[in-house]
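Here's the structure we're looking at; comments come further down.
Residue numbers (UniProt numbering), protein chains in the order written: chain A, 1 to 420; chain B, 1 to 254.
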């Protein structure tokens, strides 16, 4: 290892806290009070919003509306998941909305005009996202233009690009059954339960294995009781969700049955797991956090800062492409407004509401999913209440501002608590 | 005895400004060499030349008696030369283990091997008798100045390093924390490392160093054993470049 001799006596680094539920809970409370709230505001917001809408409009708690929430929020959630990577660096991507529009338009054009098979079109759309991300990231990292300006330029230019691709404003409708299925079809109920069982089993297995391997090395491991609570919570809530989604939600069940978990749910889950793994368990993820926390320290540690930045933009734009594909699928068409209007702000809002910091260095992909749920509930609930676009914009704008305010205040508080 | 690290006749200019003139520095294994000098004497520049951040204009760097080329921090790291900078270069949003392994993470397949990194970090910190942190999984943002300095030093010795250069490690610390860090510096040398300690503080220098190298206006004023000089002589070397028989013979004008 190194040449430092083991010195007798005072070798005490080990945590003074013993691992128990009580201590874990206390540590969590301390973190929250110190300003590190994670997704807590999003969870509270979600509960409050759901309670309000459920009280005001009983139709909010119907099976069909519950399923609608997932398909409505999917595209924005996917874009927000990609934005987390850019936000972690302390950068921003204002072009993600229209980048998703461009990719959706590429999908539509290759599918209809060129008549290519759907999988080729999907790959083409995602590659378009990769290309966009490479250009944006290159301009930010290599040329050194602030990301705000680069992506604002992208925001304008991509609007034009969408218009060019859809022939100055025509609406390209998508009839391919596979593409349309992504946001409009459901898994058969048995497959929903099978997926649920696999998810819970894998989660429990991963947690147990980690605790066991840490205990074997003499490191502090999570106690069994804590793992049991985590697995139990997941099993409970995911089970309720699958149960609700498997209820019959067709208005006319004899004519056409409508049950099952929407296909976008496993899509989001898989991407959530993959990107979480990338962020928490790979060298790239670690370096991304490092660059977001202290770019100079990262550079001195030999981390290729420019390359990390470019990769982050590539991931962001590729996720925007996937979001665009889902949006195109949901609407079964692509028009000049795909990825436009409020999509970008909703996506940034989703990431920030979920607890990703606009100052960089703090955030998780799960945050985007939590925040995406909040945005979807607002959008859906306001619609049910019969409010028009004006009120929706006002409310969502206020929520975004509130989330950013919470982020900034938490940061101040963390500084006061000596945590930053 | 050959010095483990030796810089010979180093010249360095930034444009028209010549910062180092024929500077010499030797650091020996198992000893603390204090590098002293007034502001602008060239201490940090010299260290950055040795560490591969600035290319040198002329002169040579010897490692264990062999001339070596140091073109980047990575070259220096490969030789076993680690520099702990004044501004620490730690990431606040990462924990102690993550910082210690930053840029050199251990991997198992495509994933990081967190457990073995945590184990090694813990062993290194215990071997340095660091006993003030609550958990090595706490974020660096929650540490005190002395603890951060300790983490930065531990990070430097984790890598089989042979020479550790510390740029004013006690500059921003309180009395108790300074004592703690100085104790750590002494312990590093006692375990066989060559330690170069840049410092302004005469008390620190006399407390831990075996040798003193004084710079004056970009020139080496003297390299002496700490035991052979007095406090006053070192101050004179720093402020005027000479002290009695010691120091620059020909007057140097600023």
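For every residue, glycine included, the Cβ atom is placed at its ideal position computed from N, Cα and C.
Going by beta-carbon coordinates alone, are residue i and residue j separated by less than 7 angstroms?
i: residue 95(A); j: residue 154(A); result: yes
i: residue 165(A); j: residue 109(A); result: yes
i: residue 331(A); j: residue 354(A); result: no
i: residue 231(A); j: residue 204(A); result: yes
i: residue 105(B); j: residue 293(A); result: no
i: residue 350(A); j: residue 80(A); result: yes
i: residue 103(A); j: residue 75(A); result: no
i: residue 78(A); j: residue 315(A); result: no
i: residue 326(A); j: residue 105(A); result: no
i: residue 25(B); j: residue 7(B); result: yes
i: residue 50(B); j: residue 197(B); result: no
i: residue 80(B); j: residue 161(B); result: yes
i: residue 339(A); j: residue 169(A); result: no
i: residue 216(B); j: residue 27(B); result: no
i: residue 65(A); j: residue 111(A); result: no
i: residue 70(A); j: residue 262(A); result: yes
i: residue 164(B); j: residue 193(B); result: yes
i: residue 346(A); j: residue 375(A); result: yes
Between the C-alpha atoms of residue i and residue j, what's the straight-line distance to the nearest angstrom?
i: residue 3(A); j: residue 119(B); result: With a pLDDT of only 36 at residue 3(A), under 50, the local geometry of the prediction cannot be trusted, and the value read off the model is given with reservation. Taking the straight line from one Cα to the other gives about 17 angstroms.
i: residue 403(A); j: residue 129(A); result: 28 angstroms
i: residue 174(A); j: residue 329(A); result: 8 angstroms
i: residue 182(A); j: residue 119(A); result: 13 angstroms
i: residue 180(B); j: residue 146(B); result: 8 angstroms
i: residue 195(B); j: residue 187(B); result: 10 angstroms
i: residue 148(B); j: residue 91(A); result: 27 angstroms
i: residue 4(B); j: residue 75(B); result: 16 angstroms
i: residue 133(B); j: residue 142(B); result: 10 angstroms
i: residue 305(A); j: residue 154(B); result: 24 angstroms
i: residue 84(B); j: residue 169(B); result: 8 angstroms
i: residue 363(A); j: residue 43(B); result: 40 angstroms
i: residue 386(A); j: residue 371(A); result: 23 angstroms
i: residue 10(B); j: residue 210(A); result: 52 angstroms
i: residue 123(B); j: residue 137(B); result: 14 angstroms
i: residue 59(A); j: residue 391(A); result: 20 angstroms
Answer with yes or no whether the minimum CB distance from residue i to chain B is below 7 angstroms.
i: residue 15(A); result: With a pLDDT of only 41 at residue 15(A), under 50, the local geometry of the prediction cannot be trusted, and the value read off the model is given with reservation. Chain B, which has a Cβ nearer than 7 angstroms to the Cβ of residue 15(A), makes this yes.
i: residue 260(A); result: no
i: residue 33(A); result: no
i: residue 11(A); result: No answer about residue 11(A) holds up, because its pLDDT of 34 lies below 50 and its placement is not dependable.
i: residue 219(A); result: yes
i: residue 302(A); result: yes
i: residue 405(A); result: no
i: residue 297(A); result: yes
i: residue 5(A); result: Residue placement at residue 5(A) cannot be trusted, given a pLDDT of 35 that sits under 50; what the coordinates show is reported in the next sentence. With 7 angstroms as the cut-off, residue 5(A) counts as an interface residue toward chain B.
Using a Cβ cut-off of 9 angstroms, pull out every chain B residue sitting near residue i, in sequence order please.
i: residue 362(A); result: 93
i: residue 289(A); result: 91, 93, 94 and 98
i: residue 213(A); result: 115
State yes or no: is the beta carbon of residue i nearer than 7 angstroms to at least one beta carbon in chain A?
i: residue 115(B); result: yes
i: residue 90(B); result: yes
i: residue 6(B); result: no
i: residue 102(B); result: yes
i: residue 105(B); result: yes
i: residue 74(B); result: yes
i: residue 31(B); result: no
Mind listing the chain B neighbours of residue i? Cutoff is C-beta to C-beta under 7 angstroms, in chain order.
i: residue 282(A); result: 110, 111 and 112
Taking 7 angstroms as the threshold (beta carbon to beta carbon), is residue i in contact with chain C?
i: residue 294(A); result: Chain labels in this structure do not include chain C; the protein chains are A and B.
For a contact defined as C-beta to C-beta under 8 angstroms, what are the partners of residue i on chain B?
i: residue 286(A); result: 94, 98, 102, 105 and 112
Below 9 angstroms on C-beta distance, what does residue i contact in chain A?
i: residue 119(B); result: 217, 218 and 219
For the 8 angstroms Cβ check, are there 3 or more pairs between the segment 182 to 200 of chain A and the segment 241 to 260 of chain A?
yes
May I ask you to verify whether the segment 42 to 49 of chain A touches the segment 221 to 235 of chain A, counting CB pairs closer than 8 angstroms and requiring at least 3?
no
If we count Cβ pairs, one from each stretch, closer than 8 angstroms, do we get three or more for the segment 357 to 371 of chain A versus the segment 76 to 95 of chain A?
yes
Three Cβ pairs or more, each shorter than 8 angstroms: is that satisfied between the segment 297 to 304 of chain A and the segment 82 to 97 of chain B?
yes
Contact between the segment 200 to 214 of chain A and the segment 130 to 142 of chain A: three or more CB pairs below 8 angstroms?
no
Is the segment 226 to 233 of chain B close to the segment 203 to 218 of chain B, with three or more CB pairs under 8 angstroms?
yes
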